[in-house]
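> From first to last, the protein sequence lines are chains A and B.
When we follow my numbering, the leftmost residue of the first sequence carries the number 1, and every step to the right adds one.
When we follow my numbering, the leftmost residue of the second sequence carries the number 1, and every step to the right adds one.
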Amino acid sequence: MTGTKLLMNFEVTATSHRLADYRARGGYATLEKVLRDMRPEEVTKEVATAGILGHGGAAFPAGRKWGVIRLNDEQPHYLCANADEGEPGTFKDRWILEHAPHLLIESMAIAAYALQVRHAFIYIRGEFDLAWRRIAEAVEGAYAAGWLGEGIAGSAFALDIVVYRGAGSYVCGEASGLLTSLEGRKGYPRNRPPRLTVRGLYQMPTVINNVETLTNITGIVRDGAAAFRQVGTAKSPGTQLISISGHVQRPGVYEVEYGYPFAKFIREDCGGVLGSLGLKCVLPGGISTTVLTAAEIEPLVLDHASVGAAGSSLGSGGMVVVAEGTCMVRFLQVLVRFYHHESCGQCTPCREGMGWLHRIVDRIVTGDGQPDDIDRLVAISKANDGTTICGMGDAAGYATVGIIAKYRDEFEYWIRNGRSKYGGRLEALGHEWVREAALHG
Amino acid sequence: MVEIWIDGDRVEAEDGQSVMQAARASGHEIPYFCWHPALSVPGNCRICMVEVEGDDASAGWLDIACNMPIAKGMHIRTDSERVRARRKEMLQLVTLNHPVDCGICDKAGECTLQDYHYRYNGEPSVSRDAKVRATKHHVLSERIVLDNERCILCSRCVRFTREISKSHGLGIQHRGDHSLVRAVENGAFERDPYSDNVIDLCPVGALLSRPFLHKARVWYLEPTASICPGCERGCSVDIWHRKKAWTLKRLDPAANARIDRVTPRENPAVNGPWICNKGRDLALVFERPRATAAMVGGEAVELEAAVERARELIAAARHPAALVSSWGSNEELAAFHAAFGTRFACHVKTDHLPEPGERLEDELLIKPDKNPNRRAATALYPSLPDAPRAAFPAGCDLVLVWGEGCDFDALPPGAKVVHLDAWRHPAEFRADVFLPISVQTERSGHYTNFAGVVSRFEACFEKPATVADAEALFAALAVPARVEAP
Chain A
1 MTGTKLLMNF EVTATSHRLA DYRARGGYAT LEKVLRDMRP EEVTKEVATA GILGHGGAAF
61 PAGRKWGVIR LNDEQPHYLC ANADEGEPGT FKDRWILEHA PHLLIESMAI AAYALQVRHA
121 FIYIRGEFDL AWRRIAEAVE GAYAAGWLGE GIAGSAFALD IVVYRGAGSY VCGEASGLLT
181 SLEGRKGYPR NRPPRLTVRG LYQMPTVINN VETLTNITGI VRDGAAAFRQ VGTAKSPGTQ
241 LISISGHVQR PGVYEVEYGY PFAKFIREDC GGVLGSLGLK CVLPGGISTT VLTAAEIEPL
301 VLDHASVGAA GSSLGSGGMV VVAEGTCMVR FLQVLVRFYH HESCGQCTPC REGMGWLHRI
361 VDRIVTGDGQ PDDIDRLVAI SKANDGTTIC GMGDAAGYAT VGIIAKYRDE FEYWIRNGRS
421 KYGGRLEALG HEWVREAALH G
Chain B
1 MVEIWIDGDR VEAEDGQSVM QAARASGHEI PYFCWHPALS VPGNCRICMV EVEGDDASAG
61 WLDIACNMPI AKGMHIRTDS ERVRARRKEM LQLVTLNHPV DCGICDKAGE CTLQDYHYRY
121 NGEPSVSRDA KVRATKHHVL SERIVLDNER CILCSRCVRF TREISKSHGL GIQHRGDHSL
181 VRAVENGAFE RDPYSDNVID LCPVGALLSR PFLHKARVWY LEPTASICPG CERGCSVDIW
241 HRKKAWTLKR LDPAANARID RVTPRENPAV NGPWICNKGR DLALVFERPR ATAAMVGGEA
301 VELEAAVERA RELIAAARHP AALVSSWGSN EELAAFHAAF GTRFACHVKT DHLPEPGERL
361 EDELLIKPDK NPNRRAATAL YPSLPDAPRA AFPAGCDLVL VWGEGCDFDA LPPGAKVVHL
421 DAWRHPAEFR ADVFLPISVQ TERSGHYTNF AGVVSRFEAC FEKPATVADA EALFAALAVP
481 ARVEAP
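1) Looking only at DSSP bridge pairs, what is A/G232 linked to?
2) Once the 5 residues before and after B/E332 are set aside, which same chain residues still bring their CB inside 6 Å of it?
3) Any beta carbon of chain A sitting closer than 8 Å to that of B/R87?
4) Whether or not the segment 14-28 of chain A and the segment 137-146 of chain A are in contact is what I'm after, with contact meaning three or more pairs of Cβ atoms, one per stretch, closer than 8 Å; do they touch?
5) What would DSSP say about A/R425, mapped onto helix, strand or coil?
6) Determine the chain A residues that contact B/L96 at a beta-carbon separation under 7 Å, and present them in chain order.
7) Could you pull out every unbroken beta strand (DSSP E) segment of at least 3 residues lying fully inside the segment 46-134 of chain A, listed in chain order?
8) Does the separation of the CB atoms of B/I76 and B/V52 fall below 8 Å?
9) So with CB distances below 7 Å, who are the chain A contacts of B/R175?
10) Alpha helix (DSSP H) containing B/R82: first to last residue?
11) Could you tell me whether any Cβ in chain A is nearer than 8 Å to the Cβ of B/R24?
12) What residues from the segment 64-85 of chain B come within 8 Å of chain A, judged by C-beta to C-beta, listed N to C?
13) Between the segment 376-390 of chain B and the segment 294-311 of chain B, are three or more C-beta pairs nearer than 8 Å?
14) Would you call the segment 288-307 of chain A and the segment 243-261 of chain A touching, i.e. three or more CB-CB distances under 8 Å?
15) For B/R156 and chain A, any beta-carbon pair shorter than 8 Å?
16) Suppose only complete runs of 4+ residues qualify. What are the alpha helix (DSSP H) ranges in the segment 311-374 of chain A, listed by chain order?
17) Would a check of beta-carbon distances place A/V383 closer than 8 Å to chain B?
18) Please give the ranges of any beta strand (DSSP E) in the segment 192-219 of chain B, keeping only runs that are unbroken, at least 3 residues long and fully inside the region.
19) Could you check the C-alpha separation between A/M392 and A/C350 for me, to the nearest Å?
20) Please work out which residues of its chain come closer than 7 Å, Cβ to Cβ, to A/R443, disregarding the five sequence neighbours upstream and downstream, and give them in chain order.
21) Quick one: using the 10 Å Cβ neighbour count with 16 as the cut-off for buried, is B/T247 buried or exposed?
22) Counting only beta-carbon separations shorter than 8 Å, does B/I4 have a partner in chain A?
23) State the Cα-Cα distance for the pair A/T218 and A/Q230, rounded to the nearest angstrom.
24) Does DSSP put B/T112 in a helix, a strand or coil?
25) In angstroms, rounded to a whole number, what distance separates the CA positions of B/R10 and B/E3?
26) Does B/H127 get closer than 8 Å to chain A when you measure Cβ to Cβ?
27) With a threshold of 8 Å between beta-carbons, can B/M90 be considered close to chain A, or not?
28) Residues of chain A with CB closer than 8 Å to the CB of B/G43, please, in chain order.
29) Confirm the yes/no value for this check: CB of A/S313, any heavy atom of the ligand MG, distance under 7 Å.
30) Between A/V321 and A/H247, which are expected to be in contact by the criterion C-beta below 8 Å, what is the C-beta distance as a whole number of angstroms?
31) Would A/H77 count as contacting chain B if we go by Cβ distances under 8 Å?
32) Bridge partners for B/R290 per DSSP, in chain order?
33) Taking only beta carbons into account, state which residues of the segment 138-162 of chain B come closer than 7 Å to chain A, listed in chain order.
34) Should A/G353 go down as buried or exposed, given a rule of 16 or more other Cβ atoms within 10 Å for buried?
35) Show which residues of chain A have a CB atom less than 9 Å away from the CB atom of B/M49.
36) Just the Cα atoms here: how many angstroms apart are B/S18 and B/I227?
Shown next, in the form of structure tokens:
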């Protein structure tokens, strides 16, 4: 077990995502209570006291973000749930959208009440199908039952939620790119300042939170900030949904209490590495985080402070496990191909740099690498650090610099010998059918 | 007023300014590609990175100047070690997929990227990988061709069509280093009467004028300040023509007196930094076939003979009338008024009517009257009414016609006609005396635009030897009425 469960605390059945089942679990009672007994600023205060960190990757305190919104400033505010879960290796929000859509809606209603929002949006990744059908159905059901629309639960509070499907662009998961896309324009991120909480959607103050962050709001308000702080560590209260994939025995979504031992999580809860191979490294929070070797994760616990101290980040909780015998040059090739494909092309360092990274790694893989190419890769990554409009340039840089710093010998080997140190493998050799194929051609 | 320091100099900046604006206002140079004073701030070229000096509590940091609001007491470095290193990096990235085909690029010599490369980088590309290929010759409209390989995706052109001309005619397709500027499919860019401004806005040689394509290297050309006569706005323009020092003797001497291109000359009181496409096509106005021979009764004669004949006619006239050009400069109008103002019945004529399909008026620049100096002319004389006959005095026996656009059939029958014009029209043979005059590009003067703003134009070329300046002609033709014996 991975500690207290705040979100995955019910049995998933064929009907558990439905409104009736959710009501039976006590759903929408918190919203009713909030609308009856609490003032908006009390809700915000509760969330701020709980100290919940954003689960989208940057771990920015949600309460601080909410605190920027000035109530009664006579302009519309908007709330947006960021369900454009596009970080490779991350699929935790999908679980919420598929299995707990009403929890998200109730949480959004509470958040909207706290922030004086009349219209809220769920921007959902275009590739999601079941998740989209479930959340769309849930929004419809909530309208029918009177949990959305005018006069919710007999109060004067009104809220409309619009579910908007993206078209599958990675940068539209970046908050400002998402809002630009939501406005119907090309998904280009925006420069800060101004912050989105000052001028966001349609130039109005906008709070945009990750789905998992928002989903926690109901629990925080229901049980109180103090109860929330009981879970997790002092600096990272609560839990984190971790979607684990790669060379791991039992991939999937796990809810992990902050502070849970990192290595134990992989070894015991997820069944260890595929085919009982050794662990080579882990990308702890999506591919945009610095890679951590097997030795590095040994003393770590799963919270932002601990993983941050090791020079990486828990990011969006999209953990990718890499087994011994995997070629890190090919691994980086996959990553930079993705970044090249997804760079929006707006600002110079990322637009030109991503393609350059991709072309250099491709050239190394085809055997035409030169010794100074490795330093060039690092230099391009550094040129992207803090110079781009959004965080994508930095993210690609962290991934690239991390892999090169820790597996430089593999790059040097390929450049020197024109071939991979590990046969160019991305599959885990320990997996039954891969071993079969390797043995018998 | 907010007090900040830029490179150690104390600068009084205005509230709400960005660091870029404050630096420019105080004469500190920060390079930029995508920023433009008249457009929104996209912050995408990242070349304007400056260093904000830290204090004891925090280290300094780099950020783009164009989007950085000034804060009281901030210290900015535009030329620190870190800033210079960042600029070099950015220029390496900007030129990574830029073809650097300056040798065949029309923009060479006035290219921002070229200038910045030599000023801030100066090193060859460190890349050994192939450049991204894209369309070299994409026809964006009848007037503009786009080289996507040279494009650095600063989005100035896109923002211009959205924010200034409001045609929304351009957009960016695809993403990453395969992004392409393209015209929208509904033809809005083709119809945009301000489209050519994107050529000037382009900081590199991506957007090029098709009429000017490969016509001249810009360092052989020089601009002369002039005024577009296309409408009563009277936009300030630069007429580009070959430098005297580079006069062609053998290849094509006609090129020496040719308008190579017209660009806007920034004038906040009249046109800001823009002009419309009509203003770009001044060659179509000025380089029409010229009337260079003086004529008497449809037969070519020496200019002096024609002037003498005109003086006789004027002296003999009892009830003379005149049609005054709305294209004459303020100086010419003054000379005309001094010569004929009291004796002649004068009316201001419409020299040019709008072309079929031409935009009549909009909110940006274009005004309905297509003559540059009607305001100054109508300050002296009334406009010619729609029924011109009524405008002529009874028994009118002489009409002095100055400029184009005269309906000779509407003149009083039997009246003698003295006609001054610069261009060849069939009408020159109908006048009793025809006197060829110089055009705007051959003389200097002033126009008064619709709002009363007076602007000056300079001479670009020598006038042909056989034509006269209208100003001098008026003085020569000013003869008193012959007093006949009773």
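Ideal Cβ placement from N, Cα and C applies to all residues, glycine included.
With the structure as the only source:
1) A/P237
2) A470, E471
3) no
4) yes
5) coil
6) E352, W356
7) 77-83, 117-124
8) yes
9) S343, C344, G345
10) 81-94
11) no
12) I64, N67, P69
13) no
14) yes
15) no
16) 328-342, 348-365
17) Looking at the sequence itself, residue 383 of chain A is Ala, so the reference to Val does not match. Judged by the 8 Å Cβ criterion, A/A383 is in contact with chain B.
18) 207-209
19) 8 Å
20) The question about residue 443 of chain A has no answer, for chain A in this structure spans 1 to 441.
21) exposed
22) no
23) 16 Å
24) helix
25) 7 Å
26) Before going on, a small fix: residue 127 of chain B reads as Ser here, not His. Chain A contact via Cβ: present.
27) yes
28) N191, C347, I389
29) Annotation note on the ligand MG: not contained in the displayed structure, which lists no ligands.
30) 5 Å
31) no
32) B/W423
33) L153
34) buried
35) T387
36) 33 Å
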